[in-house]
Each structure stands twice: as C-alpha cells, then as structure tokens.
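Peer 1: When the letters of the sequence shown are read in order and numbered with this note's numbering, they come out as residues 19 to 379. Where a beta carbon is used, it is the ideal one built from N, C-alpha and C, also for glycine. Computed from a predicted model, the values in this text were never measured in an experiment. Right, I'll just put the structure down here and ask away after.
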Amino acid sequence: MRDDAPKYAKPPDTHPVPWRSSSVADSGFVVRITLGEMLIEDGFWIALPNDLALLSLGELFKRVFPTDRSLQQPFLQRLDVKGNPDLPEMYDALVEVFIREELDLCTVDTYVNHGAKLDDSVTIGQHLATNDNPPVLDLVLEQRFSAIDYAVRREDFRDAGEALTWMSSRVLLYFVGALEYVLPTEPDDNAETALLPIAQALVEEGLVERPADSGTFEITELGMEALHEMTAEAENVIERYEVFADVLCDPETGECDFGAGLGIDLRIPIYEAEGLSPVRAVLLVELCDGELVRIDVDWRLAIQDREFFEALLLPVVERPLVDAEDLDGIIDSGFVYMEQQARETSLADEDARLRRSIDPY
Numbered sequence: 019m020r021d022d023a024p025k026y027a028k029p030p031d032t033h034p035v036p037w038r039s040s041s042v043a044d045s046g047f048v049v050r051i052t053l054g055e056m057l058i059e060d061g062f063w064i065a066l067p068n069d070l071a072l073l074s075l076g077e078l079f080k081r082v083f084p085t086d087r088s089l090q091q092p093f094l095q096r097l098d099v100k101g102n103p104d105l106p107e108m109y110d111a112l113v114e115v116f117i118r119e120e121l122d123l124c125t126v127d128t129y130v131n132h133g134a135k136l137d138d139s140v141t142i143g144q145h146l147a148t149n150d151n152p153p154v155l156d157l158v159l160e161q162r163f164s165a166i167d168y169a170v171r172r173e174d175f176r177d178a179g180e181a182l183t184w185m186s187s188r189v190l191l192y193f194v195g196a197l198e199y200v201l202p203t204e205p206d207d208n209a210e211t212a213l214l215p216i217a218q219a220l221v222e223e224g225l226v227e228r229p230a231d232s233g234t235f236e237i238t239e240l241g242m243e244a245l246h247e248m249t250a251e252a253e254n255v256i257e258r259y260e261v262f263a264d265v266l267c268d269p270e271t272g273e274c275d276f277g278a279g280l281g282i283d284l285r286i287p288i289y290e291a292e293g294l295s296p297v298r299a300v301l302l303v304e305l306c307d308g309e310l311v312r313i314d315v316d317w318r319l320a321i322q323d324r325e326f327f328e329a330l331l332l333p334v335v336e337r338p339l340v341d342a343e344d345l346d347g348i349i350d351s352g353f354v355y356m357e358q359q360a361r362e363t364s365l366a367d368e369d370a371r372l373r374r375s376i377d378p379y
C-alpha cells in the first residue's frame, strides 16, 4: 500500500442507499457509517438536511448522535426503517460509541471511505461524494479500547510504561512470594532472562533481593508485607463487590435481583463509583483469585506483553453503561441485600447450634 493510499477502500455498495424523499422531504445528503472492516452494505445510514453539511465533523456527531434521548427523536424519525428495520438499533449502538469516547473509555478515529483520516474540526460538506445522487458522506469509524491508556487518563499512572511496570512486577512478586517460583539471578532460559528487568524493579522497591550466596531472587520482609496487603485488598474487593457480578434490574421499578444468573456484571462501574482504581482492582482480583495461574500461555512471557494485559483488563473499558443515579440505587440495594443475606446466615447458624445443643447426636 502506498503511503498516500486511503486506509479504507471498500467497494461500492451493490445495494444503493435507499433514498425516500417522500418520507423526509428536506433531505439533502446521506451519512453512511461503517465500523472498521464491516461490509459497506451492512452499514448505518441516515438522510440529513443540507444545512447540516455546514457543520464540522465533531459538531455533526454531537448533533446527530446526542446522549439526551429527547434530542434523538428528530433523527430517529429520519431513519428509513422500511429500507432497513435494524437502523434504530444501529443508531443506538453508534450513540453508545460516542458516549464511550466522551467517557474516555475508547478512542474513535474517523476515515472517509476511499479518502483521508478526518479531524473533528473539518467541515463535512468538503467530503461529500457529489458523484452520488444524493451526495454521500461515506465514513468509517475505528473504535479502539485500551484499559491501560484509560488508567493513564484517570491519572492512576503517569504513563503506560509505569502502568506496565507496576502490573508485571506485581505478578512476578505474587509468583515468587505466594507460589514460591524460583527465578535465578543468572538464568539460562530466555523467558527467565526476560524477567530480569522486572525483578530489578522489585529489587529497587526493596520487595525482593538477590543474596550473593543463593543465586536466586528472594522475597524480602517488606515484599511479604506488600504481598499480604495485595491479597487482603483483593479479598476485600471480592467480599464487598462480588454481589454486583450478576445484577438484574427492573427499569420501571428500580428493583434489583442479585445472583439469579440472568443479570449483568456491574463490578467495574461500581469499583469506580466507590473510588477504586478499576485497573488495580481487576488485576489484583485476577491475580490473587488464581486466574493468572490457570492461563494457557507461559505467564513469564505473557506479562512482558502489553496486549496480554490489555486483553485481561478489557472489561474495564467495555463495561456496561449505567446512569450515575441508577448506579447509586443499585449499590444501595446490593449492600442491603448483603446485610439481609448475612442476617439469614447468622440465624441459620444459630438455629443449627441450638439443634445440636438439644440433640448432640
């Protein structure tokens, strides 16, 4: 591919965009949107009035895909549901894309099909394909998720390098301290050799040491304290928030069921609502709960790969989107549910104790 070649050059749609001027009389051009490598005939389209062609790309997206449901109605009414009954669902999915971008949960790059990457400031009228009738703004969106970049934007870490160093070093500390993994100070194995910079980071923190007479890295007393703190933190997160791993809410009444096997996992947004770093919480829970021990790949190589951590932490940025007020209600309901469960368990234990005291046999 030439340096100046367009990134996307999807072939012309064999099923032309339906144009129903009778249903939307003031339509002047069509916006068609596909995501990544999506086939062009599977894309979203909407017919818009000519005055919107004067907007910048960023202004267009905000106008056509607002987060306020009441502001969406004029655009929902413009959708050609006869041509494609899935358009309202596709519209909602695009609104969610822009909500996630606004929340820093993803980044979105925009390209013209057979054209250039667009900045949000460009005037969209300059990029209409006027050889089409009606003119078409043929866009391709690239949505990218990165939990590590999100953690940096949250200021949990200074940069991605610091985040990766912290994560990889905590995994190594856990394996050395909790699982008694032996890492030689002068290894022959390539995977172990690659662990040396991570081990050195732990040495600099005083969490491991390299005694001259042992030939291996050994966890220090300070390292054991850090390991116990990590484990206690993970156990506290599990005990306090595991109830939110399966939540089913009635949107009309606000009533919630927990643990029914039919709900959604709301732990990530609730971690954040409760002031926790979701990246830290997820990593420590996955680590101390044994998930990283059971992975199919060699953990020594995996923790040196950013993509491994991105995949592990993907739920942080692909979380369900829940209104803040609704989330507060769910949190309150969850804690009330936990208190009720604790009381019922206590009463059951007391009943069993009394039965044993009456009839010890």
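Give the C-beta separation of Gly281 and Asp264 to the nearest angstrom, bearing in mind that I take them to be a contact with Cβ-Cβ under 8 Å.
Peer 2: Translated into the one-based positions of the sequence shown, residue 281 becomes position 263. Translated into the one-based positions of the sequence shown, residue 264 becomes position 246. Rounded, the Cβ-Cβ distance is 4 Å, consistent with contact.
Peer 1: Should Thr271 go down as buried or exposed, given a rule of 16 or more other Cβ atoms within 10 Å for buried?
Peer 2: The residue given as residue 271 occupies position 253 in the sequence shown. Thr271 should be labelled exposed.
Peer 1: Would you call the segment 171–185 and the segment 94–102 touching, i.e. three or more CB-CB distances under 8 Å?
Peer 2: no
Peer 1: I need the straight-line Cα distance from Tyr289 to Gly279, nearest angstrom please.
Peer 2: Here residue 289 corresponds to residue number 271 of the sequence shown, with the count starting at 1. Here residue 279 corresponds to residue number 261 of the sequence shown, with the count starting at 1. If you take the alpha carbons of Tyr289 and Gly279, they lie about 21 Å apart.
Peer 1: Identify, in the order they occur along the chain, each residue of the same chain with its Cβ nearer than 7 Å to the Cβ of Ile51, setting aside the five sequence neighbours on each side.
Peer 2: Your numbering for residue 51 matches position 33 in the sequence shown. Excluding sequence neighbours, Ile51 sits near Gly61, Phe62, Leu112, Leu157 and Leu159.
Peer 1: Under 9 Å between the Cβ atoms of Ile117 and Ala71?
Peer 2: Residue numbering aside, residue 117 sits at position 99 when the sequence shown is read from its first letter. Residue numbering aside, residue 71 sits at position 53 when the sequence shown is read from its first letter. Not in contact: Ile117 and Ala71 (Cβ atoms no closer than 9 Å).
Peer 1: Grab me the residues of Phe327's own chain with a C-beta within less than 6 Å of its C-beta, minus the 5 sequence neighbours each way, in chain order.
Peer 2: Taking the sequence shown and counting its residues from 1, the one referred to as residue 327 is at position 309. Taken in chain order, the residues that qualify are Met185.
Peer 1: Measuring straight from C-alpha to C-alpha, what distance separates Val226 and Val189?
Peer 2: By 1-based counting over the sequence shown, the position of residue 226 is 208. By 1-based counting over the sequence shown, the position of residue 189 is 171. Val226 and Val189: Cα-Cα distance of roughly 13 Å.
Peer 1: Using a 10 Å radius around the Cβ and a threshold of 16 neighbouring Cβ atoms, would you call Gly54 buried or exposed?
Peer 2: Residue 54 sits at position 36 when you count from the first residue of the sequence shown. By the neighbour-count rule (16 or more Cβ atoms within 10 Å), Gly54 is not buried but exposed.
Peer 1: I need the DSSP call for Ile267, collapsed to helix, strand or coil.
Peer 2: On the sequence shown, residue 267 is found 249 positions in, with the first residue counted as 1. Residue identity differs from the one stated: residue 267 is Cys in this sequence, not Ile. It is a strand residue.
Peer 1: Output needed for Leu310: all residues of its chain with C-beta closer than 7 Å, excluding positions within five of it in sequence on either side, in chain order.
Peer 2: Stepping through the sequence shown from its first residue, residue 310 is reached at position 292. Cβ within range, chain order: Val189, Glu304 and Trp317.
Peer 1: Does the beta-carbon of Val154 have 16 or more other beta-carbons within 10 angstroms, so that it is buried, or is it exposed?
Peer 2: For the purposes of this step, residue 154 is taken as residue 136 along the sequence shown, with counting starting at 1. Buried is the call here.
Peer 1: Could you round the C-beta distance between Pro30 and Gly133 to whole angstroms and report it? I think they count as a contact, below 8 Å.
Peer 2: For the purposes of this step, residue 30 is identified with residue 12 of the sequence shown, where counting begins at 1. For the purposes of this step, residue 133 is identified with residue 115 of the sequence shown, where counting begins at 1. Pro30 to Gly133, Cβ: 14 Å. No contact.
Peer 1: Can you give me the Cβ contacts of Thr249 inside the same chain, cut-off strictly under 6 Å, excluding the 5 residues immediately before and after it?
Peer 2: Counted from its first residue, the sequence shown places residue 249 at position 231. These residues qualify, in order along the chain: Cys306.
Peer 1: When burial is assigned at 16 or more other CB atoms within 10 Å of the CB, is Pro296 buried or exposed?
Peer 2: Counting from 1 along the sequence shown, the entry for residue 296 is found at position 278. Counting Cβ neighbours within 10 Å, Pro296 comes out buried, since at least 16 surround it.
Peer 1: Report yes if the CB atom of Asn149 is closer than 9 Å to the CB atom of Lys28, and no otherwise.
Peer 2: As a first step, residue 149 must be located in the sequence shown, where it is residue number 131. As a first step, residue 28 must be located in the sequence shown, where it is residue number 10. No, the Cβ-Cβ distance between Asn149 and Lys28 is not below 9 Å.
Peer 1: Let's test the definition: count the other Cβ atoms within 10 Å of the Cβ of Asp127 and tell me whether it reaches 16, buried, or not, exposed.
Peer 2: Numbered from its first residue, the sequence shown carries residue 127 at position 109. Burial call: exposed.
Peer 1: Just the C-alpha distance for Val358 and Leu345, rounded to the nearest angstrom, thanks.
Peer 2: What you label residue 358 is simply residue 340 of the sequence shown in a count that begins at 1. What you label residue 345 is simply residue 327 of the sequence shown in a count that begins at 1. One point to set straight first is that residue 358 is Gln, not Val, in the sequence displayed. Looking at the two C-alpha atoms, the distance is approximately 20 Å.
Peer 1: Roughly how many angstroms separate the alpha carbons of Leu331 and Ser45, rounded to a whole number?
Peer 2: In the sequence shown, residue 331 corresponds to position 313, counting from 1. In the sequence shown, residue 45 corresponds to position 27, counting from 1. For Leu331 and Ser45, the distance between alpha carbons rounds to 43 Å.
Peer 1: Can you tell me whether Lys28 is helix, strand or coil according to DSSP?
Peer 2: By one-based count along the sequence shown, residue 28 stands at place 10. Of the three classes helix, strand and coil, the one that applies to Lys28 here is coil, per DSSP.
Peer 1: Tell me, which residues are paired with Val154 by DSSP?
Peer 2: Numbered from its first residue, the sequence shown carries residue 154 at position 136. Bridge partners of Val154: Val48 and Ala147.
Peer 1: Pull up the CB-CB distance for Leu220 and Leu191, whole angstroms please, since I reckon it's below 8 Å.
Peer 2: For this step, residue 220 is matched to residue 202 along the sequence shown. For this step, residue 191 is matched to residue 173 along the sequence shown. 6 Å between Cβ atoms; contact.
Peer 1: In three-state DSSP terms, what is Gln358?
Peer 2: The count along the sequence shown starts at 1 and reaches residue 358 at position 340. In the three-state scheme derived from DSSP, where H, G and I count as helix and E and B as strand, Gln358 is classed as helix.
Peer 1: Could you check the C-alpha separation between Glu343 and Thr234 for me, to the nearest Å?
Peer 2: To locate residue 343, count along the sequence shown from 1; it is residue 325. To locate residue 234, count along the sequence shown from 1; it is residue 216. One C-alpha to the other measures close to 53 Å.
Peer 1: Measure the alpha-carbon distance for Ile348 versus Ile286 and round it to whole angstroms.
Peer 2: For this step, residue 348 is matched to residue 330 along the sequence shown. For this step, residue 286 is matched to residue 268 along the sequence shown. About 13 Å.
Peer 1: Within the continuous beta strand (DSSP E) that includes Asp275, where are the two ends?
Peer 2: In the sequence shown, counting from the first residue as 1, residue 275 sits at position 257. Looking at the DSSP string, the run of the beta strand (DSSP E) that includes Asp275 is Cys274 to Phe276.
Peer 1: So the candidates are Thr238, Ala230, Leu284 and Leu294; which of them puts its Cα closest to the Cα of Asp254?
Peer 2: For the purposes of this step, residue 254 is identified with residue 236 of the sequence shown, where counting begins at 1. A quick correction: the sequence has Asn, not Asp, at residue 254. Of the listed residues, the one whose Cα sits closest to Asn254 is Leu294.
Peer 1: Should Asp167 and Thr125 be called a contact, given that it needs their Cβ atoms to be closer than 9 Å?
Peer 2: In the sequence shown, residue 167 corresponds to position 149, counting from 1. In the sequence shown, residue 125 corresponds to position 107, counting from 1. In this structure, Thr125 lies closer than 9 Å to Asp167 by Cβ.
Peer 1: In angstroms, rounded to a whole number, what distance separates the CA positions of Asp275 and Ser88?
Peer 2: By 1-based counting over the sequence shown, the position of residue 275 is 257. By 1-based counting over the sequence shown, the position of residue 88 is 70. Their backbone Cα atoms lie some 29 Å apart in a straight line.
Peer 1: Residues bridged to Tyr168 by DSSP?
Peer 2: Walking along the sequence shown from the start, residue 168 turns up at place 150. According to DSSP, Tyr168 bridges with nothing at all.
Peer 1: For Glu336, collect the residues of the same chain with a Cβ closer than 7 Å to its Cβ; drop the 5 residues on either side in sequence, then sort them by chain order.
Peer 2: By 1-based counting over the sequence shown, the position of residue 336 is 318. Excluding residues within five positions, the ones whose Cβ falls inside 7 Å are Phe163.
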